[in-house]
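Colleague: Protein chains in written order, with the numbering used here: chain G, 1 to 1028; chain V, 1029 to 1290.
Glycine included, every Cβ here is placed at the ideal spot set by N, Cα and C.
Here it is, the structure, as structure tokens.
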């Protein structure tokens, strides 16, 4: 009975929750959209490129951490088509017979230390617009997808599988029903996966696959084992036979394999082994001979697994690796393609246009390149913002700059705002290698601290272009220092000029790295078994510092207490000192009590901004095969911990950030998403607004002046969520209201004129700027679909300006307002549009009423417009500008009214001419009409033709002057004043002429009109002009 | 006993959670929500008049006249200059006056194809089988925070249009499609709101959002008197123009007769 009651309670509880309580969710964040600022000048790792054979301007690009991008115009523009799914892509395949069918395997298979994980295989039936998950959810890595050419429901997936732990979810998979069910057709053991599969295009029953045993540990890598080998099937993948004849003895590592499509019994394989080299077979794998073993062919087999034979020429072999090697003799000898001005090193994907084999697309660690001469020269594609950041920081300049380090692409800086958007040219490189932390100096704007892998840090002077190595070295007799691949360089939040870094010891400098003070003992576990990096790699030694272990990974000084320093290590130690580093307490046992595995990588620490006993920590245990999201909080300085969890969470955790103004607002970045909480971590919502839903979020920072959240992604560059203050104001009570305004920051009055910033070229990335409009922000409980939604604007004196349609989505809505008057009314005449009818002066500072209308209901709020206190123009000069702009506004409208008077008078005269038949009466009517026409021709350009007739009459001159003055914030020039006066005189002259003409003609003509039964002529009134 | 209760509860949960929808259920409920198949079948022409803002507070009058399946005329007026797009049977023409050229000129073949696509005022989903449209239900999706059913409509010419149908009201909240301008593919989206019942009885969106901002309709008249000469390109030979409008008017009358004879 108990159970029954329990069940009913659960049921009613569930119902009541769903019935009343509106929860904070992705929908609530609504229109608070993040913007991408690149860079694409330095792109990121590309893992797959596939084009449509019959329409080779359509190409899909898969990336290590930036999803899938599609071009349909030969790379002039790209669109991300996988933003609702996992961003790490291992393979893409197009059904060339029905190219709208595209398969994507998630989880890259270039098994470096920083490789991400996937969550299955996906299929699209409409060219990438929509994707359905088709299983293989727990495979984590998929390296190749093959679609059977004549029976497209048969698909093969080569699955290397888990990198960090044993798993049975690996091997070669086959589906015969389009992905509904899968069978493992080639499986060795839980350590060995399938690295590659190829198919004979002439006889799809003949297939070759390479199996690979490999494993990473947090401190080492192994490629090679008994499971590895090359296999052949002659029955469409059902049974497999291992190939050995002529292949090297002993264990294999990763094997790259390719065949010549034009002579498919010719097979090539780069076999990682004790005798790594290229082996070829000309008899379908029955026997093999060793060919080239030049260094680029044998380089890093676990990372460079691409080998491609020209689709038409069986002798032409491409080996994209460190560099791009080309063989013209079937793999016997190789030369370098584009050696002197070649693409970014480290290549992983190559697609050759089969219809024009001179053309090929290469995917590297730094983006996509195109060659039109078979790989000898290359053009960089400049619009793929898939750069892979590790960390981000900002400075206090206006506009502030963003700094960060990129995987294999150095350290960079860009402004958060730039004329005509943030373009490729706005990004400056600061330092080389793999970039990680970059910190701008607090005092000297020319100085930044940057590093490359393994703690090689430098003080860089951006003005003189000098850099000085400032890495601490071991003192005489001191043990070897262990630096993480991604060594922390962290600024003190409380003391200007203080920097921390860490090997196994914590260091502090107060003089820009000239002197480092060691302020801790070894804070790691110092487990010697985890320090044998020289042996790492397996068959091919690979010790790049990526496996360095027992090192400090994260450092955080409390914003409330300069003496309190937190340190987290990659081997699970969470340490705190409350006396500036003299004594240290290890809190590892404490967090483990909250259910967090010991030995986890401590990925970030956030000592509370508000409460000195509160601290948040993220833990990353994926290097032990555990991808759970671990976030914990202590409210007692680290003694006890509670794990904060959510059903929304996906991906292992990289960064926790507490807001700088509201202790309720938290941000969490994981390998698969950005999450927001407005209630101290009780409920979480995934960020989807303008942001890839499963982005790899590595770092987060709030710029303290703009309150922008700056997001470092490992695959989509930098995103900025401008001004997060609305998120601080949302609360659970507000979520229940139908309509609620959220107060926005006062808006700064600025003309935002022309000047500076050539817009980006076609084919180049450009990120948008922050809007400088006033933002009116409101929350709607539900989307409004059956009422009109509009917004009415008033100036600070309460005068109604105009209304416009307003946003109506569920959650937060934002309406931008340019803070200008309604543009002047234009006359309905002239050869082209009056540009003056689209321009208006800025409003005066003050508090303006704004009314949101939803159907008949109205909701009122206020928005504050303030002068720009950073303006270089004096208040007096700005006032002068506003006055002249307003004067010209009135002049433009007066002229339009006057012109319209003439035009309507002419129209009436025309009616007379059409009605009255008496020639004597017609003559003066025609004459009056023609004199008016001669005046009209001086008022507006009337020459019809193309856009540029070059004709300028009073209207064109006045509107141009109006524009010049209105998009400038300071005192207008004397020429502006003179011109305004001269044009006013011209208008007056024309008016006098028309008055005289009317005086002479109106009376006479009116008597004719009346006699003919036509209404008497009269001048259009201003009221009627404005009404129409 | 417990088992039974549990089973019952599961059924309740499942029933509310799954609500497996088929294409036809969604389409039928959608058509019901906008007035029903009967009413839709009676639509012969539509005249919509309204405006769009081309600068803050500057309303530019817009009108669209469509003779179901036959002809269309779109007008946008700025500062007294009127841009026109018109399709009449297989022909199309336009006037693009804003930069100084006020003569009509022919539409490109692509423009004609796209404009003809808009000749069906009853929508892709009404009578979709007869129209040769294939409709596929892609699942529920979050559209700006609102749960929608996403339907993919494949037209006989292969063009695909996605409909986002509100799971509560069954109103069409958005449509998206790819449009080819010359060789270039472009994504085009249109949102629909301010749904109201017209005098004719069908419920239509009185606000439509797109790349150019929002268009609002002040009046939507259905089955009103239309002067067919508005669809002919000015300057076209009179006889030819007449023949065209006649031929476009004829089937309509026949249709009427058929209906009345039913």
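Please work out which residues of its chain come closer than 7 Å, Cβ to Cβ, to residue 1010 of chain G, disregarding the five sequence neighbours upstream and downstream, and give them in chain order.
Modeller: 1016
Colleague: Opposite residue 351 of chain G in the DSSP bridges: which residues?
Modeller: Answer is G/361.
Colleague: Distance cutoff 8 Å, beta carbons only. Does residue 95 of chain G sit that close to anything in chain V?
Modeller: no
Colleague: From the DSSP output, in three-state form, read off residue 912 of chain G for me.
Modeller: In the three-state reduction of the DSSP assignment, residue 912 of chain G falls in the helix class.
Colleague: What are the residues in the stretch 910–925 of chain G lying within 9 Å of chain V by C-beta distance?
Modeller: none
Colleague: Can you tell me whether residue 853 of chain G is helix, strand or coil according to DSSP?
Modeller: strand
Colleague: Taking buried to mean at least 16 other C-beta atoms within 10 Å of its own C-beta, is residue 1260 of chain V buried or exposed?
Modeller: buried
Colleague: Taking only beta carbons into account, state which residues of the stretch 108–121 of chain G come closer than 8 Å to chain V, listed in chain order.
Modeller: none
Colleague: Could one say the Cβ of residue 36 of chain G lies closer than 8 Å to chain V's Cβ atoms, at least one of them?
Modeller: no
Colleague: Would you mind reading off the limits of the alpha helix (DSSP H) that contains residue 81 of chain G?
Modeller: Segment: none, residue 81 of chain G is in no alpha helix (DSSP H) and carries neither H nor E.
Colleague: Does the separation of the CB atoms of residue 170 of chain G and residue 162 of chain G fall below 8 Å?
Modeller: yes
Colleague: When you compare the CB positions of residue 806 of chain G and residue 852 of chain G, do they come within less than 8 Å of one another, or not?
Modeller: Less than 8 Å separates the beta-carbon of residue 806 of chain G from that of residue 852 of chain G.
Colleague: If you reduce the DSSP assignment to three classes, tell me which class residue 925 of chain G lands in.
Modeller: If DSSP states are grouped into helix, strand and coil, residue 925 of chain G belongs with the helices.
Colleague: Which class does residue 470 of chain G belong to by DSSP, given the choice of helix, strand or coil?
Modeller: In the three-state DSSP reduction, residue 470 of chain G falls in the coil class, being neither helix nor strand.
Colleague: For residue 557 of chain G, count the other beta carbons within 10 Å of its own beta carbon; 16 or more makes it buried, fewer makes it exposed. Which is it?
Modeller: buried
Colleague: Do you know offhand how far residue 71 of chain G's Cα is from residue 360 of chain G's?
Modeller: 15 Å
Colleague: What residues of chain V sit near residue 784 of chain G, judged by a beta carbon separation below 9 Å?
Modeller: For a Cβ distance threshold of 9 Å, residue set 1221 and 1222 of chain V lies close to residue 784 of chain G, ordered along the chain.
Colleague: Just checking my contact of residue 1031 of chain G with residue 686 of chain G at CB under 8 Å: how many whole Å lie between their CB atoms?
Modeller: Since the first residue of chain G shown is 1 and the last is 1028, residue 1031 of chain G is not available in this structure.
Colleague: Would you call residue 1000 of chain G buried or exposed, if buried means 16 or more other Cβ atoms sit within 10 Å of its Cβ?
Modeller: exposed
Colleague: In three-state terms, what does DSSP make of residue 1058 of chain V?
Modeller: helix
Colleague: Please state if the CB of residue 1176 of chain V and the CB of residue 1152 of chain V are separated by a distance shorter than 8 Å.
Modeller: no
Colleague: Quick one: list the residues of chain V neighbouring residue 454 of chain G, beta-carbon separation under 9 Å, in chain order.
Modeller: Counting only Cβ-Cβ distances below 9 Å, residue 454 of chain G has no contacts in chain V at all, with the closest Cβ about 43 Å away.
Colleague: Give me the chain V residues within the contact set of residue 944 of chain G, using Cβ-Cβ distance strictly less than 8 Å, ordered along the chain.
Modeller: 1128, 1129 and 1130
Colleague: Helix, strand or coil for residue 1176 of chain V? Go by DSSP, reduced to three states.
Modeller: strand
Colleague: Can you find at least 3 beta carbon pairs, one from the stretch 723–736 of chain G and one from the stretch 789–800 of chain G, that sit closer than 8 Å?
Modeller: no
Colleague: I need the boundaries of the beta strand (DSSP E) containing residue 1203 of chain V, first residue and last residue.
Modeller: 1200–1209
Colleague: Kindly confirm or deny that the stretch 774–787 of chain G and the stretch 860–877 of chain G touch, where touching means at least three C-beta pairs closer than 8 Å.
Modeller: Yes: at least three Cβ pairs fall under 8 Å.
Colleague: Skipping 5 residues on each side, what residues in its chain have a beta carbon closer than 8 Å to that of residue 1080 of chain V?
Modeller: 1087, 1088, 1090, 1104, 1240, 1241, 1242, 1243 and 1244
Colleague: When Cβ atoms are compared, which residues of the stretch 737–759 of chain G fall closer than 7 Å to chain V?
Modeller: Those would be none; no residue qualifies.
Colleague: Could you give the C-beta distance for residue 1140 of chain V and residue 1163 of chain V, rounded to a whole number, given that I count them as a contact under 8 Å?
Modeller: With a Cβ gap of about 25 Å, residue 1140 of chain V and residue 1163 of chain V do not count as contacting.
Colleague: For residue 1026 of chain G, count neighbouring Cβ atoms within 10 angstroms of its own Cβ and tell me buried if that reaches 16, exposed if not.
Modeller: When all chains shown are included, residue 1026 of chain G counts as exposed.
Colleague: Who are the Cβ neighbours of residue 325 of chain G in its own chain at under 8 Å, not counting the five residues just before and after it?
Modeller: 294, 296, 297, 318, 319, 334, 335, 336 and 337
Colleague: Would residue 523 of chain G be called buried (16 or more neighbouring beta carbons within 10 Å of its own) or exposed?
Modeller: buried
Colleague: What in chain G is Cβ-close to residue 1174 of chain V, meaning under 8 Å?
Modeller: Within chain G, the residues near residue 1174 of chain V are 27, 782, 783, 809 and 810.
Colleague: Any idea what DSSP makes of residue 425 of chain G, helix, strand or coil?
Modeller: helix
Colleague: So, at 7 Å on beta carbons, what are the nonlocal neighbours of residue 960 of chain G in its own chain, with the 5 sequence-adjacent residues on each side left out?
Modeller: none
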